[in-house]
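There are 2 protein chains.
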Amino acid sequence: MHTLMVADDHPLFREAIAAVIEAGLPDSRLLEAESLDQALRHAAACAELDLVLLDLGLPDASGLEGLQALRAAHPWLPVAILSADQERRTILDALDLGAVGYIPKSTPRRDLLAALAQLLEGQVYLPPEIMRRPAVPQPSIGAGMPTPGPRFAELTDKQLEVLLRLSRGASNKVIARELDIAETTVKTHVSAILRKLGVPGRVQAILAANDADLEALLAERHAASR
Amino acid sequence: MHTLMVADDHPLFREAIAAVIEAGLPDSRLLEAESLDQALRHAAACAELDLVLLDLGLPDASGLEGLQALRAAHPWLPVAILSADQERRTILDALDLGAVGYIPKSTPRRDLLAALAQLLEGQVYLPPEIMRRPAVPQPSIGAGMPTPGPRFAELTDKQLEVLLRLSRGASNKVIARELDIAETTVKTHVSAILRKLGVPGRVQAILAANDADLEALLAERHAASR
DNA sequence: TCACGCCTCCTCCCGAAGGAGGAGGCCCTC
DNA sequence: GAGGGCCTCCTCCTTCGGGAGGAGGCGTGA
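Protein sequences, first through last, are from chains R and D. Just so you know, we're using our numbering here: the first sequence kicks off at 8 and counts up by one. Just so you know, we're using our numbering here: the second sequence kicks off at 8 and counts up by one.
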């Protein structure tokens, strides 16, 4: 027998959560709050609360302020964020403020139930699809700027030419025609690019390339070679 | 069959980990590294590596530098920290740098196994006893931007969900798992997306999607449906 | 001169991607 | 009740993408 509270200003969403919990965690009790204020009052009144699911963006609390307030008032109360926000930064900030978990609202029902079960067991839950994404652009920890990121510098000129066309969505065949080399040669270059960038496929190479200015890098090299 | 690597400079500790894994994850392979350098070489040489357990305080890498280096060299390689350090701040910094989990060395054997299993399943693991200690798309729907471009408006909600993941570089298989539908269904959706956007392949769909703010569009729809 | 890196191309092989075509279920509207 | 749109899943088939492994030519620097 667990007691949960969902704090969200959308009645329909609260209803949906209630339905999920009723179906998946049969003998649980669910409190509902439509504002931070009400959530704080519920928390004060109900001693056996096991978990709070807190929406970001309640009318009376912008962003993570609600979490902060709840944590300050009830440091022992486990609070998980339930939000539409999928930003990695937001999740880390929430953890920083003491959240025990973070559940994106886009989480499919079965994963949501698994997450709740995990949280009620005393574990921590974070959305794998976000936290396990490679994107780590800003380390910002000490050390000036080694920022190797993807090592475009390691690519040879030819490989950069290939990557440039890759990033524009060209197929191996098209690249071969444009550079007037055999398709097998293009594949060799592509393989080398994937290896050097440490990505598993051309799609990821394109996404990485889109974060950099390849044309500038190429122009720079051409200038340097003159 | 999983392949793991433990990077720790204490032979006895590596031995202990090996024993735990051998007993608890019978058909796994374990690589051992006693320095960051060796870990990097192993990672480069072994493609089927599923998880790296990285100690903080290797001789050739102080603190989280090793994690940073490993992440930079192999962005797609899941790395979990295995450390004696129990500071909340350290854990948050490790996550910040892209670690998929954090296991204190004081973790009892059975919890350690559970954590490894969770990590190998693609989840995130954090030590509850530390993290649970008391301690946005805000789309700005300013009306003014119709931005039809490619006809994203013609896509159904589900197709938008698929396109969103597509644009992050996910394969059909991954999308299927995230949305909890069959891979064939994903293919159906992808085919519909390609047809509606008038592009010849997923790569072009991604490039088109990157020029638009899909999250905002999705949030807008969800808001409208309430 | 010899080694090394780069570019070029090849074959064999396998898994991912995507089209064609069909089918059942659900829900809404006419 | 009969469409029709959407979501779901299937099979069969082709092409594309990428790894493994090998090989030859060319230029530069030790």
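Glycine is no exception: its CB is placed at the ideal position from the N, C-alpha and C atoms. As the structure is a computational prediction, the values presented were derived from the model and not from experiment.
- Comparing alpha-carbon positions, the option among R:94, R:100 and R:89 lying closest to residue 95 (chain D) turns out to be R:100.
- Taking a Cβ-Cβ threshold of 8 Å, the residues of chain D close to residue 138 (chain R) are 102, 107 and 131, in chain order.
- At the C-beta level, residue 131 (chain D) and residue 107 (chain D) come within 7 Å of one another.
- Within chain R, the residues placing a beta-carbon under 9 Å from that of residue 211 (chain D) are 176, ordered along the chain.
- One alpha carbon belongs to residue 202 (chain R), the other to residue 12 (chain D), and they sit about 20 Å apart.
- Ranked by Cα distance from residue 223 (chain D), the first of D:119, D:164 and D:120 is D:164.
- In the three-state reduction of the DSSP assignment, residue 111 (chain R) falls in the strand class, which pools E and B.
- Residue 178 (chain D) is not a Cβ neighbour of residue 217 (chain D), given a cutoff of 7 Å.
- Rounded to the nearest angstrom, the gap between the Cα atoms of residue 48 (chain R) and residue 14 (chain R) is 12 Å.
- By the Cβ neighbour-count rule, residue 187 (chain D) is exposed, with fewer than 16 other Cβ atoms within 10 Å of its own.
- Close partners of residue 214 (chain D) in chain R (Cβ separation under 9 Å): 174, 175, 176, 213 and 217.
- Counting only the Cα atoms, residue 86 (chain D) lies some 29 Å from residue 74 (chain R).
- Around residue 68 (chain D), the same chain offers 43 as residues with beta carbons nearer than 6 Å, after the five sequence neighbours per side are excluded.
- Out of R:196, R:70, R:221 and R:102, the CA that lies nearest to the CA of residue 91 (chain R) is found in R:70.
- Residue 10 (chain R) sits close to residue 56 (chain R), with the two beta carbons spaced by under 7 Å.
- Put simply, the backbone Cα of residue 122 (chain D) is about 11 Å away from that of residue 111 (chain D).
- If you ignore the 5 residues before and after residue 194 (chain D), its C-beta comes within less than 7 Å of the C-beta of 179, all in its own chain and listed in chain order.
- Residue 207 (chain R) belongs to the set of residues whose beta carbon lies under 7 Å from a beta carbon in chain D.
- At a beta-carbon threshold of 7 Å, the residues of chain R lying near residue 185 (chain D) are 136, ordered along the chain.
- Between residue 65 (chain R) and residue 103 (chain R), the beta carbon gap of about 19 Å keeps them out of contact (Cβ cut-off 8 Å).
- The straight-line gap separating the alpha-carbon atoms of residue 198 (chain R) and residue 204 (chain R) is approximately 10 Å.
- Here residue 8 (chain R) is exposed, its C-beta having fewer than 16 other C-beta atoms within 10 Å.
- Rounded to whole angstroms, the Cβ separation of residue 32 (chain R) and residue 60 (chain R) is 12 Å, and the two are not in contact under 8 Å.
- Between residue 219 (chain D) and residue 159 (chain D), the gap from beta carbon to beta carbon is short of 7 Å.
- By the beta-carbon neighbour count (other beta carbons within 10 angstroms, threshold 16), residue 19 (chain D) is exposed.
- For the C-beta of residue 99 (chain R), the chain D residues within less than 9 Å are, from N- to C-terminus, 99, 102 and 103.
- According to DSSP, residue pairing for residue 36 (chain D) in a beta bridge involves D:10.
- With contacts defined by Cβ atoms closer than 7 Å, residue 221 (chain D) and residue 162 (chain D) do not form a contacting pair.
- For residue 90 (chain R), the enclosing beta strand (DSSP E) has its first and last residue at 86-90.
- Listed in chain order, the non-local C-beta contacts of residue 79 (chain D) below 8 Å within the same chain number zero, local neighbours out to five positions each way being set aside.
- Collapsing the DSSP output to three states places residue 131 (chain D) in coil.
- Here residue 105 (chain D) is not near residue 135 (chain R), since their CB atoms are 7 Å or more apart.
- Taking 7 Å as the upper bound on Cβ-Cβ separation, chain D lies near residues 115 and 117 of the region 110-128 of chain R.
- In the structure shown, residue 123 (chain R) falls within a helical segment according to DSSP collapsed to helix, strand and coil.
- Taking residue 27 (chain D) as reference, the option from D:83, D:137 and D:115 with the minimal CA-CA separation is D:115.
- According to the DSSP secondary-structure assignment, residue 59 (chain R) is paired through a beta bridge with R:12 and R:86.
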